[in-house]
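Line by line, the protein sequences are chains E and R.
The numbering used here puts the first residue of the first sequence at -10, with every later residue one more than the last.
The numbering used here puts the first residue of the second sequence at 717, with every later residue one more than the last.
Backbone N, C-alpha and C define an ideal beta-carbon position, used for all residues, glycine too.
Keep in mind it's a predicted model, so treat the numbers as computed, not measured.
Reading through the structure tokens given below for one structure.
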Amino acid sequence: MDSKKLKGGIFNKISDTNLLLVITIVIFLLMYIGAIVFQGSGFKKPQMFFNILNANAALIITAIGMSVVMISGGIDISVGGVVALVSMCCAVYLDKANGNVWVSMLIAIGIGLAFGLVQGTLVAYFDIQPFIVSLAGMFFARGMTTIVNTKPFNVQNPAFVKLKETRIKIPGMGSYNKKGMYISAYIEIGVVVALALVVILFLVLRYTKLGRSFYAVGGNKQSALMLGINVRRTKFLSHVICSLMAGIGGYVYFLNVGSGAASHASGMEMNAIASSIIGGTMLTGGVGNIVGTLFGVLSLSTIQNIVASAGLGEAWWTGITIAGMLCLFLLIQSIVIRQKKRALKT
Amino acid sequence: MLEMRGINKTFPGVKALQNVDFSLNKGEIHALMGENGAGKSTLIKVLTGVYSKDAGTISLDGQTVSIHSPADAQRLGISTVYQEITLCPNLTVAENMYIGRGKDVLTNWRKMNADANKLLKKLDIPAKATQQLANCSIAVQQMIAIARAVDMECKVLILDEPTSSLDEQEVEKLFGLMRDLKALGVGIIFVTHFLDQVYEVCDKITVLRDGQLVGEFEIKDLPRVQLVAKMLGKEMDDLSDIKGERESYHSADADAKIFEAEQLVSDAGIKPFDFYIKKGEVNGFTGLLGSGRSECVRAIFGADRVLGGHVKVNGEPVKIKGPRDAMKRGIAYLPEDRKVDGIIGDLSVRDNIILALQVMKGFFKPFSKSQANAFAEEYIKKLSIKTASADTPIKSLSGGNQQKVILARWLLMHPEYLILDEPTRGIDVGTKVDIQKLVLELASEGMSVTFISSETDEMLRTCSRLIVMRDRKVVGELSGDDLTQSKIMSTIAGGE
């Protein structure tokens, strides 16, 4: 048997998931360095990077939830709606009912869990397609948002405004403005929450039995069943986690914008899916990585910023560049995976 | 130790199991035999909780147990290696060995990988714990599935055709392992179509036929001929008989080469090879598993990307860029892995049969319902396909019958040249003989057939010329008096 050497060299040591993660990170770094070199001033400041984080903390949270569902072989397009519903409910509660900030957080988590439990049950125990279930969930959430309050409005609740304005200063990363004043770099609370959740979900997916079950179910449902995994419960939990993340993401979004509106987070589910895919999660399931998704979100928003700072601020340019980028990423992924297969074959 | 009593299971239109009893003792290797559709797989899936039984009881160590899922079965100490590899290709080797077991919430990667490596080494499996499973060959994956089952400290080990993708050396290794486990008191249920293997390792045989129990026998009380007779429910045609029936195709054009390839090479990693087949000839590719047999015929059919070489069909130079081109030239190909390449599970038997013909005719000119039914009925009868009706989805048929449906699909095209890649793999003796006879019959009517099989005696019975392969290269060609088992072996081995 010793003569049967393992074929394929480096490709043999790396799984599809890790391979795609490496691709994502490399492309993100190249892009960011490119932006620094060609776009100049704005991207040189560390605060530019932190602003990207501040503006996208909510997307990071929803996208990592989305990745969990996609790794398990499902999809959830209701997350944008859930984010809008959470923002609106919390806004009404804080402003019109003059509620408590901590309770508003529970409301957000509660809404997320409720969506997760219902959608998870329908998908896992009634065998309904996740796309259809979450399509219904999306319509329901958007509709409910309008019922709760038709008009958009800003939240004035003092305790909330204080929390919203809280900035965590990052020492040593600041810069001097034109008048020579030192402005220190900062991140918002949402970023801390997002990064903490990235770490937690990463560990869950990597080291727990449940986490590995997501990969197994997404990779081959039938085999996973034969290997003794409770496939239905695994699917159910993937949806619960995703909707819960959408709930928390909704609150972080609310904290960032400070208002409730039916039009909030429109198209966010698509951005979450795009980020997951750019981050190396496969729509077919079984392959993906939470850290990759984080970089997916960063790549997506860096591109948006590059487009904006190049003076092409209109929405359609952003859309077109994102489309181009998605194609590019998928092309690179497919080429590399094919190369890998070929290297292993011969 | 294990007792199954009065098991019943009905699928729509088919009584898969009727009042079947089965028992297994400690330290016993028990063969479960039967034709395709006899109910072996169903019985095993009932035992492992994949299917729920309609009636009957299962008891283990004297206690009645209820098994509702594969996880339940594992917990009771019943572990299974299925015919189709049921592992997750996207996970690592070690994960596939340990996932779904134990109660730990967290995965201790270091310990898991170390344990896995130890076991892989012990069983001499050429894989690493941290490798992604998809990076291993099919045979290695099968060995990993076996390693997983063996490591579970099971009371009952079920091996459902585990040897169909293993080479002889690996099969020997598996048998050694089975004997070790037997000595430890594990009861083993062994399902296989290879009679030699049954007589090599088993103690007892239970025979099923058409979902009913034929009987349980001690191995020494049941000679082979009788076993086959029991499985078929009739005295079997002596296998050597069909040799006598062979009547080669005689006609003016008998020497015409209908297909000719020169230095053909594809992207599947085979060395360029020359090949031809005459009208009404049956020839075959032989060699060990992985020697490139399938890759050669895939190159002929254009199923892999052809990188070079010249091809002539009926003496006329042509380019075959893909299966469609090949089909247009009257070439048909029955692939090795029917699950992946052949069947469309949710379509009915009828639709699967007319599929290829429909493609050639064009999708905008559908066959009328009565026409399609006529085609389907004709071939269901001709090949005696066991199905509830032509409307049954093909996935609910047994493996051998699925194979017959695919064969029917290509026969309906009336090809000039038919390529059969392992058409008899994993199917029962009776169907095997049916298919071999059919091949010879077709050839005598003027069809050219290329036949690939892992079983050399089957090749010897059907082929008049054998192309021998070793390490992805054609190393020899045998015909006439050279067509003997020993000559093939020595050519494969490379000894003169």
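Partner residues on chain R for residue i, Cβ-Cβ distance less than 8 Å
| i | result |
| --- | --- |
| residue 218 (chain E) | 787, 815, 816 |
| residue 188 (chain E) | Simply none; closest approach about 15 Å. |
| residue 5 (chain E) | 806, 848, 850 |
DSSP-derived helix/strand/coil call for residue i
| i | result |
| --- | --- |
| residue 997 (chain R) | coil |
| residue 953 (chain R) | In this prediction, residue 953 (chain R) has a pLDDT of 47, which is less than 50 and means its spatial position is unreliable; what the coordinates show is noted afterwards. DSSP places residue 953 (chain R) in coil when its eight states are reduced to three. |
| residue 834 (chain R) | helix |
| residue 160 (chain E) | strand |
| residue 1197 (chain R) | helix |
| residue 1163 (chain R) | coil |
| residue 139 (chain E) | coil |
| residue 1203 (chain R) | helix |
| residue 717 (chain R) | coil |
| residue 284 (chain E) | helix |
| residue 937 (chain R) | helix |
| residue 251 (chain E) | coil |
| residue 147 (chain E) | helix |
| residue 1002 (chain R) | strand |
| residue 279 (chain E) | helix |
| residue 842 (chain R) | coil |
CB contact check: residue i to chain E, cutoff 8 Å
| i | result |
| --- | --- |
| residue 848 (chain R) | yes |
| residue 808 (chain R) | yes |
| residue 954 (chain R) | Confidence in residue 954 (chain R) is poor, its pLDDT being 46 and thus under 50, which makes the residue's placement unreliable; the coordinate value appears in the next sentence. It does not; no Cβ of chain E falls within 8 Å. |
| residue 798 (chain R) | yes |
| residue 811 (chain R) | yes |
| residue 957 (chain R) | Confidence in residue 957 (chain R) is poor, its pLDDT being 47 and thus under 50, which makes the residue's placement unreliable; the coordinate value appears in the next sentence. Not one chain E Cβ lies under 8 Å of residue 957 (chain R). |
| residue 790 (chain R) | yes |
| residue 1208 (chain R) | no |
Cβ of residue i within 8 Å of any chain R Cβ
| i | result |
| --- | --- |
| residue 265 (chain E) | no |
| residue 201 (chain E) | yes |
| residue 276 (chain E) | yes |
| residue 240 (chain E) | no |
| residue 116 (chain E) | no |
| residue 205 (chain E) | yes |
Distance CB(residue i)-CB(residue j) smaller than 8 Å
| i | j | result |
| --- | --- | --- |
| residue 50 (chain E) | residue 238 (chain E) | yes |
| residue 146 (chain E) | residue 65 (chain E) | no |
| residue 890 (chain R) | residue 878 (chain R) | yes |
| residue 765 (chain R) | residue 786 (chain R) | yes |
| residue 409 (chain E) | residue 90 (chain E) | One cannot answer for residue 409 (chain E) here, as it falls past the ends of chain E, which runs -10 to 335. |
| residue 1246 (chain R) | residue 849 (chain R) | An answer regarding residue 1246 (chain R) cannot be provided, because it is not within the stretch 717 to 1212 covered by chain R. |
| residue 292 (chain E) | residue 259 (chain E) | no |
| residue 261 (chain E) | residue 57 (chain E) | no |
| residue 980 (chain R) | residue 1050 (chain R) | no |
| residue 41 (chain E) | residue 236 (chain E) | no |
| residue 112 (chain E) | residue 224 (chain E) | yes |
| residue 731 (chain R) | residue 769 (chain R) | no |
| residue 1169 (chain R) | residue 1175 (chain R) | yes |
| residue 902 (chain R) | residue 936 (chain R) | no |
8 Å Cβ cut-off: residues of chain E touching residue i
| i | result |
| --- | --- |
| residue 822 (chain R) | 196, 197, 198 |
Contact set between residue i and chain R, taken where Cβ atoms lie within less than 7 Å
| i | result |
| --- | --- |
| residue 209 (chain E) | 804, 805 |
| residue 213 (chain E) | 804 |
My parser needs the alpha helix (DSSP H) runs of 4 or more residues fully inside the segment 33 to 70 of chain E; what are they?
Counting only runs of 4 or more, we get 35 to 60.
Which ranges would you report for the alpha helix (DSSP H) in the segment 1063 to 1134 of chain R if only whole runs of at least 4 residues count?
If we require 4 residues or more, the alpha helix (DSSP H) runs fully inside the segment 1063 to 1134 of chain R come out as 1065 to 1077, 1085 to 1098, 1115 to 1127.
Please specify which runs of the beta strand (DSSP E), each continuous and at least 3 residues long, are wholly inside the segment 868 to 927 of chain R, giving them in chain order.
Annotation note: the segment 868 to 927 of chain R contains the following uninterrupted beta strand (DSSP E) runs of length 3 or greater, listed N- to C-terminal: 872 to 876, 903 to 907, 920 to 925.
Could you tell me which uninterrupted alpha helix (DSSP H) segments, each at least 4 residues in length, are contained entirely in the segment 760 to 834 of chain R, listed from first to last along the chain?
Scanning the segment 760 to 834 of chain R from its first residue to its last, the whole alpha helix (DSSP H) runs of 4-plus residues come out as 786 to 791, 809 to 814.
Which residue spans inside the segment 197 to 242 of chain E form an unbroken beta strand (DSSP E) run of at least 3?
Here no run is fully enclosed.
Sequence ranges, beta strand (DSSP E) only - wholly within the segment 81 to 130 of chain E, length at least 3
Qualifying beta strand (DSSP E) stretches: none in this window.
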